[in-house]
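2 protein chains.
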Amino acid sequence: MERSAEVIVVGAGMAGLKAARELTDLGCEVIVLEADDRVGGRTKRAEVAGAVADVGGQWVGARHEVLLAEAGRLGIATYAQYDEGKVMLELTGKLVRSRSDVPSMPPLALLELARLQKLWNRDMATVPAEAPWTAPKAAQWDAMTLETWIVANLRTASARAFARLVSSGAWAVEAREVSYLWFLDALRGNGGLEHFMGVKGGMLDAKFVGGMQQIAQRLAAELGERVVLSTPVRRIIQGDDGVVVHTDQGEFTARFAIVAVPPGPAQRIQFEPHLPGARDGLHQRMPMGAVIKAAVVYARPFWREAGLSGQAATVGEQLGIVMDDVREDGAAMLLAFAEGEHAREMSLLGKEARRSRIIEALVRYFGPEAGEPLGYEDNDWTIEPWTHGYVGVMGPSVMTRFGHALREPCGRIHWASTETSTEWAGCIEGALRSGIRAAHEVSRRRNS
Amino acid sequence: MERSAEVIVVGAGMAGLKAARELTDLGCEVIVLEADDRVGGRTKRAEVAGAVADVGGQWVGARHEVLLAEAGRLGIATYAQYDEGKVMLELTGKLVRSRSDVPSMPPLALLELARLQKLWNRDMATVPAEAPWTAPKAAQWDAMTLETWIVANLRTASARAFARLVSSGAWAVEAREVSYLWFLDALRGNGGLEHFMGVKGGMLDAKFVGGMQQIAQRLAAELGERVVLSTPVRRIIQGDDGVVVHTDQGEFTARFAIVAVPPGPAQRIQFEPHLPGARDGLHQRMPMGAVIKAAVVYARPFWREAGLSGQAATVGEQLGIVMDDVREDGAAMLLAFAEGEHAREMSLLGKEARRSRIIEALVRYFGPEAGEPLGYEDNDWTIEPWTHGYVGVMGPSVMTRFGHALREPCGRIHWASTETSTEWAGCIEGALRSGIRAAHEVSRRRNS
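Protein sequences appear in the order of chains A and B. For the first sequence, the working numbering assigns the number 429 to the initial residue and increments by one for each residue that follows. For the second sequence, the working numbering assigns the number 429 to the initial residue and increments by one for each residue that follows.
Structure below.
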């Protein structure tokens, strides 16, 4: 095993693998150290009743150019997200069948929804991608939660519930936890509300035949022995000439390191000398959203036959979001997400009781046939080792006080992970872009 | 070296040492594993121009019964905090000499200050010590920042600035970062605003001759070889019969573990099996306040001669809080605190430039004589290894969603640290109490 390289990449998720591949293309020798016994980070493949399921990151947006190009290069095909029929919607206690383009709401609430979108678009447009903390109203917006904004700006229960659902459905955290400035920046970086919630042409446009984790596996295969699994990094010591990386499998050395793990989990690494207060403070202040994703396979897509899209979006229910995932090979699957507090509750239940709870909810949403699955599998990301959740988010005052540290190298250490991307943060696309950016940062220093 | 005991305590700060001492009193064998090469955690002694200085936790409140009893038992004497003369106050840009009991403010602002205290006392009284998340208005108060509350409830610039100063001065974080519910609970647990800001009979009543860290050193001396320094804990694996603790110096085993480090830094330990989502989520969501504490020694207490208390409280200045600390042996010392954003800025300066900046501020506050110190020393807690800051705080939505996990044991792991204390959280008193609680929790299980 090589113990020395020009660059050590910590983490074999999408960001780390892409950084490493980019560096090898630039003629630079790398070693990728992964704590887990698998690659892929927040993407994960499972098998359910013989079908391939994605129990981690899955969707590829229509504008996810880097991811689409990578998949194209690797010969991985996409299939479209189904988006016909009615959606099951519960915003204020009652589950209703709703059109997906015009939600079932009182007229006043619909008006507010249109206003909400206008306000968010207006505010979002003032947030600069490279430095959201310099937005003209950054100080004010970062001093309040999204929930504070919602209560101050929306009057109808339905519109408020919808706004909260955007936060919980998309980032697996509650509106009461995140900063309004961070939220605006997250919306901005993901194409705005319409694109963000959109299926055809939007963020939920398509998925990969064979699953998302393949991308990581193929990148890792290209890197070959450069990827070292089951090697948790415990300490990174910087000196004048390079870095020494202490792992459970001994020491590795390099000129530079790219830490390609989310800011929160990066806190688990001991840095010597100590990181600057702003970077260390950022690590302390980007908790991961909580999510459990379940894949349930049925004999046939009965919901489609009943004129339903297989989509559900709920606020009060324990199962917040459901999506159709009839796979390219015909396996009739529903994907179900428990988020935030609901994820933590379901986590405590254990898998068997959780399975019952989730199937029960699917029966409420789609009728009795949902009670007879051929198979069930889930992944509890709240207790996933080395990841500890979904995507790192920011509460109030973090963006304005610590945001500048997101991409700032600390000596010989550079930072990747979807959270550090100015575009598509939270998506695989953001992870890949962050890897490319970090690789080029290091490459420039290496040649200078 | 013993490798096995009934209980392993992780962390030789005040909480861990007290837990260990309590357990030995209960007839239980313990090992204390400390990552650093010293004991005391957030207490630290320095020498400045031949004088003893406390560059960490220092004050003992009049109602800190456990700490006073411990110091009494160990034969450590107290000396009173000086509190005569005028205070230098800057709330809205202008530095003024002010009476300490009635701050120099416009009459309207003074009225608001009285109202502020009434409102906080009223709200605080509804927050139950054992379960702040069950306060009648918990949901509402935990969905907003303290800053949101300030802007909604106070109109004068002076009263707003004063309210912000309570947060930054007392917890080294800004009002824009913390939850209003958490803030109320923190006030409640520290005797309310009046007590909290109070010198004689209040939280700042007295200090220890020879410094606070002595308490830790004496407790450690009593524990003898049971305290193992320079032994960072990396993993704790729980089994049916006990715990295996992996450190840089090999493995230790015990029936139970008490993790006596703050929730944030506790995240650095890998737990197997994975902690429940709520506990892990709490670790991700209790960032440490940022503080640099400086001790400056002069030939004589010239400020006292000028009718000044040596106290300063400022909002706009880089140096937020200054206190007199003429030691029992006559050494004329001023203590200066940079907090929050100011601490992170001063951290980047490095010690020499920081010294100049701090002395300059002291000259602005107390006149030219402040420019001629005999000695200067400081401790930058933002880069203190193993601590990473001041006290763990909670942003919005953390108390209601994760607060219940603060003291809940996770299998064979029990939790201590001042943050977990229902009373005097943030103080040494809270740390000691948390250690006693955790020790008795374990002792009860051990005998059952």
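Think of the CB as a built atom: it goes at the ideal place given N, C-alpha and C, for glycine as much as any other residue. Here the structure is a predicted model, which is why all the values come from computation and not from measurement.
Can you list, in chain order, the residues of its chain with a C-beta nearer than 7 Å to that of A/Ala433? Leave out the 5 residues immediately preceding and following it.
Indexing the first sequence from 1 puts residue 433 of chain A at position 5. Glu457, Val458, Ile459 and Ala682.
Per DSSP, what are the beta-bridge partners of A/Leu539 in this structure?
The residue given as residue 539 of chain A occupies position 111 in the first sequence. Answer is none; A/Leu539 lacks a bridge partner.
Pairwise C-alpha distance: B/Lys635 and B/Leu502:
Numbered from its first residue, the second sequence carries residue 502 of chain B at position 74. Numbered from its first residue, the second sequence carries residue 635 of chain B at position 207. So the alpha carbons of these two residues sit roughly 15 Å apart.
Residues bridged to B/Glu679 by DSSP?
If you number the second sequence from 1, residue 679 of chain B lands on position 251. In the DSSP output, where bridge partners are listed per residue, B/Glu679 has B/His674.
Candidates A/Arg654, A/Asp808 and A/Met714: which alpha carbon is nearest A/Glu462's?
Looking up residue 462 of chain A in the first sequence gives position 34. Minimum Cα distance to A/Glu462 is reached at A/Arg654.
Along the chain, where does the beta strand (DSSP E) containing B/Gln746 start, and where does it finish?
The residue labelled residue 746 of chain B in the question sits at position 318 within the second sequence. Per DSSP, B/Gln746 belongs to no beta strand (DSSP E) and is neither H nor E.
Suppose you measure from the CA of A/Thr554 to the CA of A/Gly717; what does that come to, to the nearest Å?
Residue mapping note: residue 554 of chain A aligns to position 126 of the first sequence, counting from 1. Residue mapping note: residue 717 of chain A aligns to position 289 of the first sequence, counting from 1. Rounded to whole angstroms, A/Thr554 to A/Gly717 spans 26 Å at the Cα level.
Using a C-beta to C-beta distance shorter than 7 Å, which residues of chain B count as neighbours of A/Ala718?
Here residue 718 of chain A is taken as the residue at index 290 of the first sequence, counted from 1. Gly705 and Gly709, listed in chain order.
Quick one: is B/His832 near chain A, going by C-beta distance under 7 Å?
The count along the second sequence starts at 1 and reaches residue 832 of chain B at position 404. No, because no Cβ of chain A sits closer than 7 Å to the Cβ of B/His832.
Within its chain, find whatever has a CB closer than 7 Å to the CB of A/Leu615; leave out the 5 residues flanking it on each side and keep chain order.
For this step, residue 615 of chain A is matched to residue 187 along the first sequence. Only Trp548, Met552, Leu621 and Phe624 meet the Cβ criterion.
Is B/Pro487 near B/Leu632, with beta carbons less than 7 Å apart?
By 1-based counting over the second sequence, the position of residue 487 of chain B is 59. By 1-based counting over the second sequence, the position of residue 632 of chain B is 204. According to the sequence provided, residue 487 of chain B is Trp. The question's Pro does not apply to it. For B/Trp487 and B/Leu632, yes; Cβs fall inside 7 Å.
Quick one, which of A/Val494, A/Val476 and A/Leu517 has its alpha-carbon nearest A/Leu736's?
The sequence position of residue 736 of chain A within the first sequence is 308, counting from 1. Among A/Val494, A/Val476 and A/Leu517, the Cα nearest to that of A/Leu736 is on A/Leu517.
Option in A/Ala567, A/Ser784 and A/Leu776 with minimal Cα separation from B/Ala705
Sequence index remark: in the second sequence, residue 705 of chain B carries index 277 (1-based). Sequence inspection shows Gly at residue 705 of chain B; the Ala mentioned does not correspond to that position. Nearest of A/Ala567, A/Ser784 and A/Leu776 to B/Gly705, Cα basis: A/Leu776.
Which listed residue (B/Arg872, B/Thr452, B/Ala853 and B/Ser862) has its alpha carbon closest to that of B/Leu647:
For the purposes of this step, residue 647 of chain B is taken as residue 219 along the second sequence, with counting starting at 1. Checking every option, the nearest Cα to that of B/Leu647 belongs to B/Thr452.
Are the segment 601 to 612 of chain A and the segment 562 to 579 of chain A touching, with three or more C-beta to C-beta distances below 8 Å?
yes
At what residue ranges does the segment 432 to 470 of chain A contain a whole run of the alpha helix (DSSP H), taking only runs of 4 or more?
442 to 453
Nearest to A/Val870 by CA position, among A/Tyr507, A/Ala585, A/Gly839 and A/Ser784, is which residue?
If you number the first sequence from 1, residue 870 of chain A lands on position 442. Closest option to A/Val870, Cα to Cα, is A/Gly839.
Straight-line gap, B/Val480 to A/Met827 (C-alpha atoms, nearest Å):
The residue labelled residue 480 of chain B in the question sits at position 52 within the second sequence. The residue labelled residue 827 of chain A in the question sits at position 399 within the first sequence. When rounded, the distance between both Cα atoms is 39 Å.
Give the residues from the segment 676 to 698 of chain A that approach chain B closer than 9 Å (Cβ to any Cβ), ordered along the chain.
Asp676, Gly692, Pro693, Gln695, Arg696, Ile697 and Gln698
Nearest to B/Arg865 by CA position, among B/Pro701, B/Asn618 and B/Ile686, is which residue?
As a working note, residue 865 of chain B is residue 437 in the second sequence. Taking only the C-alpha atoms, the option nearest B/Arg865 is B/Ile686.
Quick one: is A/Gly744 near chain B, going by C-beta distance under 7 Å?
Numbered from its first residue, the first sequence carries residue 744 of chain A at position 316. No, A/Gly744 lies away from the interface with chain B (no Cβ there is under 7 Å from its Cβ).
Pairing CB atoms from the segment 509 to 527 of chain B with CB atoms from the segment 777 to 794 of chain B, are three or more of them under 8 Å?
yes
Could you tell me whether the segment 813 to 829 of chain B touches the segment 777 to 786 of chain B, using the rule of 3 or more Cβ pairs below 8 Å?
no
Can you tell me whether B/Glu575 is buried or exposed, with buried defined as 16 or more other CB within 10 angstroms of its CB?
Working through the second sequence from its first residue, we reach residue 575 of chain B at position 147. Buried.
Using beta-carbon positions only, say whether A/Met714 and A/Gly744 come within less than 7 Å of one another.
Residue numbering aside, residue 714 of chain A sits at position 286 when the first sequence is read from its first letter. Residue numbering aside, residue 744 of chain A sits at position 316 when the first sequence is read from its first letter. Going by C-beta atoms, A/Met714 is not nearer than 7 Å to A/Gly744.
Under 9 Å Cβ-Cβ, which residues of chain A neighbour B/Glu575?
Numbered from its first residue, the second sequence carries residue 575 of chain B at position 147. Those are Ala571, Met572, Pro824 and Ser825, listed as they occur along chain A.
Closest Cβ-Cβ distance between B/Ile811 and chain A: below 7 Å?
Numbered from its first residue, the second sequence carries residue 811 of chain B at position 383. Closer than 7 Å to some Cβ of chain A, the Cβ of B/Ile811 qualifies, so yes.
By how many angstroms is the C-alpha of B/Ala440 removed from the C-alpha of B/Gly469?
Counted from its first residue, the second sequence places residue 469 of chain B at position 41. Counted from its first residue, the second sequence places residue 440 of chain B at position 12. Those two C-alpha atoms are separated by around 7 Å.
To the nearest angstrom, how far is the alpha carbon of A/Ala447 from that of A/Val437?
Numbered from 1 along the first sequence, position 19 holds the residue referred to as residue 447 of chain A. Numbered from 1 along the first sequence, position 9 holds the residue referred to as residue 437 of chain A. Going from the Cα of A/Ala447 to the Cα of A/Val437 covers about 8 Å.
Using the rule of at least 16 other Cβ atoms within 10 Å of the residue's Cβ for burial, across every protein chain shown, is A/Val530 buried or exposed?
Working through the first sequence from its first residue, we reach residue 530 of chain A at position 102. Classification of A/Val530: exposed, given that the 10 Å Cβ count is below 16.
Does A/Lys877 pass the burial test, meaning 16 or more other C-beta atoms within 10 Å, or should it be called exposed?
Because chain A is modelled from 429 through 876, residue 877 of chain A falls outside the range shown and cannot be assessed.
Roughly how far, in whole angstroms, is the beta-carbon of A/Glu700 from the beta-carbon of A/Arg663, given that I think they are within contact range, below 8 Å?
Looking up residue 700 of chain A in the first sequence gives position 272. Looking up residue 663 of chain A in the first sequence gives position 235. Confirmed, Cβ separation roughly 7 Å.
Sub-7 Å separation of B/Ala505 and B/Val637 beta-carbons
Residue 505 of chain B sits at position 77 when you count from the first residue of the second sequence. Residue 637 of chain B sits at position 209 when you count from the first residue of the second sequence. Yes, Cβ-Cβ distance for B/Ala505 and B/Val637 is below 7 Å.
Please state whether the Cβ-Cβ distance between B/Met442 and B/Ala859 is less than 7 Å.
Taking the second sequence and counting its residues from 1, one reaches residue 442 of chain B at position 14. Taking the second sequence and counting its residues from 1, one reaches residue 859 of chain B at position 431. In contact: B/Met442 and B/Ala859 (Cβ atoms closer than 7 Å).
CB contact check: A/Pro715 to chain B, cutoff 7 Å:
Residue mapping note: residue 715 of chain A aligns to position 287 of the first sequence, counting from 1. It does: the Cβ of A/Pro715 has a partner Cβ on chain B nearer than 7 Å.
Evaluate A/Leu539 with the Cβ neighbour count: other Cβ atoms within 10 Å of its Cβ, from every protein chain shown; 16 or more gives buried, anything less gives exposed.
Start at 1 with the first residue of the first sequence, and residue 539 of chain A comes out as number 111. With fewer than 16 Cβ atoms within 10 Å of its Cβ, A/Leu539 is classed as exposed.
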